[in-house]
Amino acid sequence: ANVADTSPHEYKVADDDVARVFYLTHAHTVQQLQEIGVIIRSVGDVSWVNSCSELHAIVMRNKAERVALAAWLVNELDRPVRGRTAKRGGTVPPEFQLSDDPQNLVRVYYLGGSQSAEDYQKVATRVRSAARTYRMYVYTALGALVVRGSAGQLATAEKVIGEMTAQ
Numbered sequence: 001a002n003v004a005d006t007s008p009h010e011y012k013v014a015d016d017d018v019a020r021v022f023y024l025t026h027a028h029t030v031q032q033l034q035e036i037g038v039i040i041r042s043v044g045d046v047s048w049v050n051s052c053s054e055l056h057a058i059v060m061r062n063k064a065e066r067v068a069l070a071a072w073l074v075n076e077l078d079r080p081v082r083g084r085t086a087k088r089g090g091t092v093p094p095e096f097q098l099s100d101d102p103q104n105l106v107r108v109y110y111l112g113g114s115q116s117a118e119d120y121q122k123v124a125t126r127v128r129s130a131a132r133t134y135r136m137y138v139y140t141a142l143g144a145l146v147v148r149g150s151a152g153q154l155a156t157a158e159k160v161i162g163e164m165t166a167q
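Numbering of the sequence shown is given in our numbering, commencing with residue 1 and proceeding in unit increments.
Right, here's the structure in full:
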């Protein structure tokens, strides 16, 4: 699961450096494409990420594990917007563990419903403050909050999200 896809759109550049092109199928607007790119950059700690709106593509270069994280994020976020994915009933949120630190986890929380972008940002602000994690971003199209942190930080994030979405 935590391995980079060896599709024809992935190229080994140097020792552990990989360049990858992701062609998104459901991110139809420039904003959606840019938000996914920003999530890869900010949550994945990837400095070289560019988007090409004409091709609905994101291009990146980094270590193989960061490319694998980006592939996982694209898989989680490049979904149909119609019907907006709500919280996955009672299941554990999707998670990616970075191998350099077992406490370095990334989860996607689906906030669901028909909340506004402002409402999503309020949840993100509350989570950021309570969990003291700063690598997070909201993908507005799906109402998904992507959070990176330790198991304890993610437990706090989940508690805050549960409290705020139950209101």
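Each residue gets a CB set at the ideal place from its N, CA and C atoms; glycine is no exception.
R107 and L154 do touch by the CB rule: their CB atoms are close to 5 Å apart, below 8 Å. In the three-state reduction of the DSSP assignment, D119 falls in the helix class. A straight line joining the alpha-carbon of C52 with that of Y120 spans about 26 Å.
Your pair V81 and L142 checks out as a contact, with CB atoms roughly 7 Å apart and the cut at 8 Å. The three-state secondary structure of E65, taken from DSSP, is helix.
If you draw a straight line from the Cα of R148 to the Cα of R132, it is about 11 Å long. Within the same chain, and ignoring the five residues on either side of K63 in sequence, the residues whose Cβ sits closer than 6 Å to its Cβ are D16. DSSP, reduced to helix, strand and coil, places A19 within a strand of the structure shown. Looking at the DSSP output, A144 bridges to Y110, Y139. As DSSP reads the structure, M60 sits in a beta bridge with R20, V49. Looking at the DSSP output, L105 sits in a beta bridge with Q97, G149. In the three-state scheme derived from DSSP, where H, G and I count as helix and E and B as strand, E10 is classed as strand. Taken through DSSP and simplified to helix, strand or coil, T165 comes out as helix.
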